[in-house]
Every structure is written in C-alpha cells, then in structure tokens.
Amino acid sequence: MKKVISANQAVSQAVRAARTQVIAAYPITPQSTIVEMLASFCAQGDLQAKFINVESEHSAMAACIAAASVGARTFTATSSQGLALMHEMLHYASGLRFPIVMANVNRALGSPFNLKADLSDSLSQRDTGWLQFYCESGQEVFDTIIQSFKISEQVLLPVMVNLEGFILSHTYEIVDIPEQDRIDAFLPRPAERPILDVEDPMMMGATTDLYINFRYKMHQAMEEAKAVCQKVDGEFRAVFGRGYDLIQTYRCAGADIILVTAGTIAGTCRVVADRLAAQGLKVGVLKIKLFRPFPQEQLRRALADVKKIAVIDRDFSPGCGGILAQELKSALLGSKPDISVHEFIAGLGGKDVTDDDISWIVEQAMKAREPGGIKWIGLLE
Amino acid sequence: MKKKYGMKKLEDLPLTSITFLTSEANETGEWRSQRPVIDPGKCNLCGLCWMYCPDMAIGAEGEFFTIVDKYCKGCGICAQECPQGAISLIVEER
C-alpha cells in the first residue's frame, strides 16, 4: 500500500514489517520519531516486540547485544552523539558476530552544537565491523531496512542503515509498503546460529589468544558480504520490482567527469547532470550505497574509462579530508594511477548543497588541470 | 559429554570465541601474584571477607572461611577489610 510518510516513519514501518522482536533505543533528534512510532506500535499491539527503555545509547546497544545473544531479531536507532556513545559496544556487537540492524539518522557531531545532516557521525564508525548503507529516499530507506535484516542474519554481522537528518528523515514522500505476507516470504525466520541457552551453558567472547583468528574471520565475512548484499538486493528486485545495487551509476558511460557522492546529494547531482547534458557536457553521477564493506571492485569497473572524478563529501576527517574521497582514492590506487580526483567538502552541518553548488563543482573540476587540494563549498568570504 | 570446538585449524573455529562452559571454567586464580592467608587464631568468623570478596573467592562452607585458590586474584580487599587483622598477603610462589 502506498503511503505519504517521512523517511523516519518508513524506518519504523519496515521494522514492524520485519517482525522485529526486541527494540532498545534512547531518543535523540533527529531520530526520535523512529522510536516514538515503534513504541506506539508496541503499545497498540501492532508489533509483538519487547520495547526496552534504556538510560543511554551505550545501554541501548548493550541491550541489543543481549537480545541478539538469545536469538531475537533486534533493532535500534540513533544519531550523532548517540552513535558516538555506542562506539564501544558497536565493536562488541560485530566481534560477537550478532545480527543487529540499526538506523542512524545522520547528524553533525558537536561542537559547535548542530542538529542537521552530516555523514561524519557514521563514517567515523567505519572501523567498528558494521556494514553501512546510505540512502537517498524514504522508499530506499524502507527497502534497505528489510534487506538489512536478511543480510545481517546471513553474514552474521550487524548492519547500519544511514539516512540524513531532516533532509531525508523528516521529509514526506510516497512510500510503497508491500503486503505483509510478501515481506514474510522474503524475510523468513533466520537460520539457527549459536545462541545462549540456560540448558546448555556456554561463554561467548571469552579471553583468548586466538584473537587474530576471529578478526580474520570477520574480514572474510565482510568480503563475502558484498556478494550477499548483491544477492539479497537481486532477490528483493525480483519480488518487489525495486533494487539499488552496491553503487548506482547515472549517465556514467562515456562521461567526461563523474561526480561521486553518497546520500541525498546524489539526487541533486542527477538533475544537474541532465541539465548539463542538454548543454553538451557529459557528467556522470555515481552514488555509493554500500560503504562497508567498501565495493572496491564495482567502483574500479564503473570508473575504469573516465579521466576526471569529483568527490562531494558531506563529511570531513580533520587532518585528512573527505572520507569518501580517501576511500575512493585508496580503491583506485593501482588500477588507475593517473586518475585525477578532485575533492570537495560541502553541506557540513546540514547546509544545503544546491544545484548551483554542484554546477560550480563541475566547472571547477573541468577547468583545473590537476586537483589542487580540497575545495570547501559555502565558506564565508 | 561437553561439546567442544577443535582449536587447531582456522576452519574449525567458531565465528567468535565460544566455549561450552559457564564462567566457572574461567580460572582467574592464575592471575594471582600474592595470596591471602587467614590466621585462624585471630579470625572471629564475622564474615566480612566473604561479603567483600568481589570474586566469591572466599569459601564459607564448613566451619571456617577459606581462600578458593582457583578464583582468588589476590586483590587484597579481604585483608584490607578484616577488622581483626587476621588476613595477611604473602607473595605467591609458582
């Protein structure tokens, strides 16, 4: 059934449709409406889940880990400072190899205090062993949450689904919510895995000198996860007619320049690409949907023929630069040593990245012979 | 018979460190560098050592309090708390 809902409501609807069994979360703007709606579903009996009120995000993740340790389908949602407070437990969730799904509504980290969109909160959690998806519409958010439960339960690693605060989280769009029996068929109860059982005691994650071996197994699972994500997306497309792949390309064949970004900025890039195509300039757009594991092979293939790349980062690693740009350059090194990657930082703290900004980015990158350092959009004169 | 994962080959390992035992199998006594010794002449059986021990490593079975070697980490809290001064710490010889 098609509904006009916000992307946060799309998250809650997907978590309900997935028949999630345990939800533990702490409110934080701009995520709060996700857990408010889920609490309401639980109170009204629309979702047969245990809703655990906790005193912090660290405890929320601890409760999710405990729920996952006895085999429950588990969900939480957070943003920014909340995700930062979870940091320690994020490592535990992945190290224990538990399937947990989290929605993170991207918000800038303080200081200065800022409630609006910025991908630095989740990108700075890139080494925690969680899969990471980035979405650009309410429909993609709904579909990605459903897919994420299936992926997480297959690779036995937790999955973080990211959506930008306000720009996406509070924007109302048409979202198609498939019939419950079709979702149940797509997302059956997960296969058996080692869980805690009072009748058959065991210790999980106890001290061991074999540590490096378990890390290697996580590495293997991350590598295999790329194929699992692709397979689950293919199955989803076959059933529901919508799919997203690991990366999405638009007008990339024969392009003079390809804009690489993640999240909602990609949509504006496509509008600009259409407009510039009418003027004879071939601009491609590549959206990175899956950030962890990083789809290096897909990116190398998609960027094999282009001479110039401009990366637009709504995120920033102080002392280095845009995080997408770093990752992309590392992925291309070796396969494309002469590639010219122009780096732009834009939209930090929820600042709009407009069509004019993107046209300026294309213009700057096209006229520069060599990338001349990171360019910032929207600074005061 | 307890289930057990083979720990010799990478492929035999579980996904995470799993042992089919309770935490009783975690013998923290191996960490000890000093051991508490109770002087039965001074002990008045008040039980404060048993209450304060964070690892339940003071045994309260039988007529007398004893140190549970398997779990005592040698932290010394019992010796600090004993109002009779009946517990002393000696260097562990291994």
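Residue numbers (my numbering), protein chains in the order written: chain A, 550 to 930; chain B, 20 to 113. Where a beta carbon is used, it is the ideal one built from N, C-alpha and C, also for glycine.
In this structure, A/Val832 lies near A/Arg800, with their beta-carbon atoms less than 8 Å apart.
Taking 8 Å as the cut-off, the beta carbon of B/Pro55 is found closer than this to the beta carbon of B/Gly95.
Rounded to whole angstroms, the gap between the alpha carbons of B/Ser42 and A/Asn602 is 28 Å.
Interface with chain A (8 Å Cβ-Cβ cutoff): B/Phe83 is excluded.
Between B/Ile86 and B/Ile57, the gap from beta carbon to beta carbon is short of 8 Å. For the set A/Leu717, A/Leu596, A/Ala853 and A/Asp904, the Cα lying nearest the Cα of A/Asp805 is the one of A/Ala853. Of the candidates A/Leu672, A/Leu680 and A/Gln875, A/Leu680 places its Cα closest to the Cα of A/Ala770. Boundaries of the beta strand (DSSP E) around A/Ala573: Val571 to Ala574. The beta carbon of A/Thr757 sits closer than 8 Å to some beta carbon of chain B.
Flagged as an interface residue toward chain B: A/Pro750, by a C-beta distance shorter than 8 Å.
About 6 Å separates the beta carbons of A/Thr693 and A/Cys684, which is inside the 8 Å limit, making them a contact pair. Residue environment: B/Gly93 is assigned as buried (16 or more neighbouring CB atoms within 10 Å of its CB, all protein chains considered). When the five nearest sequence neighbours on each side are left out, the beta carbons in the same chain lying within less than 6 Å of the beta carbon of A/Thr623 are those of Val571, Cys613, Ala616, Ala617 and Ile649, in order along the chain. Counting every other CB atom within 10 Å of its CB across the protein chains shown gives A/Ala815 a total of 16 or more, marking it as buried. The Cβ atoms of A/Ser697 and A/Val708 sit closer than 8 Å to each other. Bounds of the alpha helix (DSSP H) holding A/Arg565 are Ala556 to Ala566. Nearest in C-alpha terms to B/Pro33, of all of A/Lys766, A/Glu606 and A/Ala563, is A/Lys766. Near chain B, meaning a CB-to-CB distance below 7 Å, the residues of the region 735-748 of chain A are Pro743. Beta bridge pairing from DSSP links A/Glu722 with A/Ile554.
Taking a C-beta distance under 8 Å as the contact criterion, A/Ile716 and A/Ala566 do not qualify as a contact pair. Per the coordinates, the alpha-carbon of A/Ala740 lies some 8 Å from the alpha-carbon of A/Glu702.
Between A/Lys836 and A/Ile807, the C-beta spacing is not below 8 Å. Within the model, the alpha-carbon separation for B/Lys89 versus B/Ala79 is close to 15 Å.
Of the candidates A/Ile583, A/Val619, A/Asp901 and A/Ala588, the residue whose Cα lies closest to the Cα of A/Ile744 is A/Val619.
In the structure shown, A/Met709 falls within a strand segment according to DSSP collapsed to helix, strand and coil. Residue range Leu839 to Arg841 is occupied by the beta strand (DSSP E) that includes A/Arg841. In this structure A/Cys869 is exposed. Its beta-carbon is surrounded by fewer than 16 other beta-carbon atoms within 10 angstroms. Given a length threshold of 3 residues, each whole run of the beta strand (DSSP E) inside the region 565-642 of chain A is given here in chain order: 571-574, 599-602 and 623-627. Interface annotation, A/Leu705: in contact with chain B, CB-CB separation under 8 Å. In this structure, the beta-carbon distance from A/Ser629 to A/Ala657 falls below 8 Å.
Ranking A/Glu846, A/Val781 and A/Leu897 by CA distance to the CA of A/Arg863 puts A/Leu897 first. A Cβ-Cβ separation of about 36 Å leaves A/Lys857 out of contact with A/Val724 under the 8 Å criterion.
In chain order, Tyr793 place their CB closer than 7 Å to the CB of A/Glu689, counting only its own chain and leaving out the 5 sequence neighbours on each side.
Nearest neighbour of A/Asn557 by Cα position, chosen from A/Phe600, A/Lys665 and A/Gly714, turns out to be A/Gly714.
Contact check for A/Gly631 and A/Glu604: beta-carbon distance about 12 Å, past the 8 Å limit, so the pair fails to qualify.
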